[in-house]
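Peer 1:
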Amino acid sequence: MTVAKTSVLVLDCAEPERLAQFYASLLGADVEAGGDPDFVVLSGADGVLLAIRRDHGYAPPSWPRPDDAQQAHVRFLVAPEDLDEAEREAVALGARPMTAAAQPFVPSAREGRRLEERTFADPAGHSFTLAPAPRGEGVR
Numbered sequence: 577m578t579v580a581k582t583s584v585l586v587l588d589c590a591e592p593e594r595l596a597q598f599y600a601s602l603l604g605a606d607v608e609a610g611g612d613p614d615f616v617v618l619s620g621a622d623g624v625l626l627a628i629r630r631d632h633g634y635a636p637p638s639w640p641r642p643d644d645a646q647q648a649h650v651r652f653l654v655a656p657e658d659l660d661e662a663e664r665e666a667v668a669l670g671a672r673p674m675t676a677a678a679q680p681f682v683p684s685a686r687e688g689r690r691l692e693e694r695t696f697a698d699p700a701g702h703s704f705t706l707a708p709a710p711r712g713e714g715v716r
C-alpha cells in the first residue's frame with residue numbers, strides 16, 4: 577500500500593517574504609507563519625500549496641535564454657472569461673510580461689485581444705503562466 581502524500585512546489589529566491597506576499601495576493605492564499613524566516617509556506621482555499629525558500633546565492637532564471645535557464649514554471653488555471661482581469665491583477669502586483677517572442681499566445685485579430693496562455697516573470701524572475709482552464713473544470 578502506498579502511503580498518502582502531497583506535494584509542494586518550492587521556489588528559491590533572495591527575499592522569501594516579498595515573493596510570498598506576491599503569490600499570496602495573486603492566489604488569494606494565506607502565508608503560514610513558521611519558525612524559519614528562510615522558508616515560507618502559502619496555502620490557498622483550493623488546496624494550492626506553494627513554498628518560498630531563501631537561497632543566499634540566488635540567480636534569477638533567464639528563460640528562455642540558456643544561461644541560468646528556467647528553474648521552475650508554475651501554470652495557474654483561470655476561467656477563460658477572466659484571463660484579461662487575471663493579467664491586469666498579476667501586472668498590478670508586480671509581474672512582468674515576458675517578451676512577445678517568448679510568449680506562446682498570439683493576438684486575435686477577430687477579437688482584438690490576446691488569447692490562450694499569458695506568460696510572466698514574478699518579482700524574483702520565475703516564469704509563470706495564466707492559462708484558460710479547460711471547460712468543465714471548476715475554477716473558483
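Residue numbers (the numbering used here): 577 to 716.
Idealized CB from N, CA, C, for every residue including glycine.
Remember, predicted model here, so these are calculated numbers, not experimental data.
Considering only the beta carbon of each residue, do arginine 694 and glutamate 663 sit closer than 7 angstroms?
Peer 2: On the sequence shown, residue 694 is found 118 positions in, with the first residue counted as 1. On the sequence shown, residue 663 is found 87 positions in, with the first residue counted as 1. Taking 7 angstroms as the cut-off, the beta carbon of arginine 694 is found closer than this to the beta carbon of glutamate 663.
Peer 1: Beta carbon of alanine 671, beta carbon of phenylalanine 696: below 7 angstroms?
Peer 2: On the sequence shown, position 95 is the one that residue 671 refers to. On the sequence shown, position 120 is the one that residue 696 refers to. In contact: alanine 671 and phenylalanine 696 (Cβ atoms closer than 7 angstroms).
Peer 1: Can you list, in chain order, the stretches of the beta strand (DSSP E) that have 3 or more residues and sit fully within the region 584-645?
Peer 2: Within the region 584-645, the complete beta strand (DSSP E) runs of at least 3 residues fall at 585-589, 606-608, 615-619 and 625-630.
Peer 1: State buried or exposed for glycine 701, treating a residue as buried only when at least 16 other CB atoms are found within 10 Å of its CB.
Peer 2: Within the sequence shown, residue 701 is the residue found at index 125, counting from 1. Classification for glycine 701: buried.
Peer 1: In the DSSP assignment, find the alpha helix (DSSP H) that holds alanine 655 and state where it starts and stops.
Peer 2: Locating residue 655 in the sequence shown gives position 79, where the first residue counts as 1. Note, alanine 655: premise wrong, no alpha helix (DSSP H); not H, not E.
Peer 1: Nearest CA to the CA of proline 636: which residue from Leu706, Ala709, Ala707 and Pro699?
Peer 2: In the sequence shown, the residue the question calls residue 636 occupies position 60. Cα-wise, what sits closest to proline 636 is Pro699.
Peer 1: Secondary structure at proline 710, three-state DSSP: helix, strand or coil?
Peer 2: Counting from one through the sequence shown, the residue named residue 710 turns up at place 134. Coil, per DSSP.
Peer 1: Anyone know if the C-beta pair for valine 607 and alanine 596 falls short of 7 angstroms?
Peer 2: Counted from its first residue, the sequence shown places residue 607 at position 31. Counted from its first residue, the sequence shown places residue 596 at position 20. In contact: valine 607 and alanine 596 (Cβ atoms closer than 7 angstroms).
Peer 1: Quick check: the Cα distance between cysteine 589 and proline 710, rounded to an integer number of angstroms?
Peer 2: Start at 1 with the first residue of the sequence shown, and residue 589 comes out as number 13. Start at 1 with the first residue of the sequence shown, and residue 710 comes out as number 134. Answer to the nearest angstrom: the Cα atoms are 31 angstroms apart.
Peer 1: Would you say leucine 625 and valine 584 are within 7 angstroms of each other, going by their C-beta atoms?
Peer 2: Reading the sequence shown from its first residue, position 49 is the one you call residue 625. Reading the sequence shown from its first residue, position 8 is the one you call residue 584. In this structure, valine 584 lies closer than 7 angstroms to leucine 625 by Cβ.
Peer 1: Run the proximity test for glutamate 593: is its beta-carbon closer than 6 angstroms to any non-hydrogen atom belonging to the ligand FMN?
Peer 2: This structure does not include the ligand FMN; it has no bound ligands of any sort.
Peer 1: According to DSSP, is alanine 697 helix, strand or coil?
Peer 2: Here residue 697 is taken as the residue at index 121 of the sequence shown, counted from 1. Strand at alanine 697.
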